[in-house]
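Asker: One structure is given below, represented as structure tokens, and several questions about it will come after.
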Amino acid sequence: MTTLDMSTPGELRLVLQGEAENVILTTVRRWPHWLRAEVERNPADQSQCVAVTLVTESGQEATLREILRRSFGLIFPPEGGSRTLVAPPNAKPRPRGAKPRLH
């Protein structure tokens, strides 16, 4: 589950929970506007990560929303909230060197 949290004044928090969100983390982790990252670990097994929270300034809200919308189809209401990332259906691989067909 992906959560856009705006409850802390001046901050925007992107909370990524679950293995499916690894694709989001891989995409946005090097974005230069993150102020900090918070890692939540499983209390029973500290080697397991349960969630990652990335924090930026609230002024970056429009940019972050656009990244999430364009890259992952995630659209959040104005007040933030949670969304489930839907994995795209498995596409058939094209033969190497084949050009896409336009209809």
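Under full-length UniProt numbering, the first residue of the sequence shown carries the number 1, and numbering increases by one thereafter.
In this text, a Cβ means the ideal position worked out from N, Cα and C, and glycines have one as well.
Check whether the Cβ atoms of Leu16 and Leu25 lie closer than 8 Å to each other.
Answerer: As a position in the sequence shown, residue 16 is number 16, starting the count at 1. As a position in the sequence shown, residue 25 is number 25, starting the count at 1. Yes, Cβ-Cβ distance for Leu16 and Leu25 is below 8 Å.
Asker: Can you give me the Cβ contacts of Gln48 inside the same chain, cut-off strictly under 7 Å, excluding the 5 residues immediately before and after it?
Answerer: As a first step, residue 48 is located in the sequence shown; it is residue number 48 there, counting from the start. Cβ within range, chain order: Arg41 and Asn42.
Asker: For Gly18, collect the residues of the same chain with a Cβ closer than 7 Å to its Cβ; drop the 5 residues on either side in sequence, then sort them by chain order.
Answerer: Position 18 of the sequence shown, counted from the first residue, corresponds to residue 18. Taken in chain order, the residues that qualify are Met1.
Asker: Taking all protein chains shown into account, decide if Leu64 is buried (16 or more other Cβ within 10 angstroms of its Cβ) or exposed.
Answerer: Taking the first residue of the sequence shown as position 1, residue 64 is located at position 64. Counting Cβ neighbours within 10 Å, Leu64 comes out buried, since at least 16 surround it.
Asker: Using only the alpha-carbon positions, how far apart do Leu74 and Val50 sit?
Answerer: In the sequence shown, counting from the first residue as 1, residue 74 sits at position 74. In the sequence shown, counting from the first residue as 1, residue 50 sits at position 50. About 21 Å.
Asker: Suppose you measure from the CA of Glu11 to the CA of Ala44; what does that come to, to the nearest Å?
Answerer: Your numbering for residue 11 matches position 11 in the sequence shown. Your numbering for residue 44 matches position 44 in the sequence shown. Whole-angstrom Cα-Cα distance: 30 Å.
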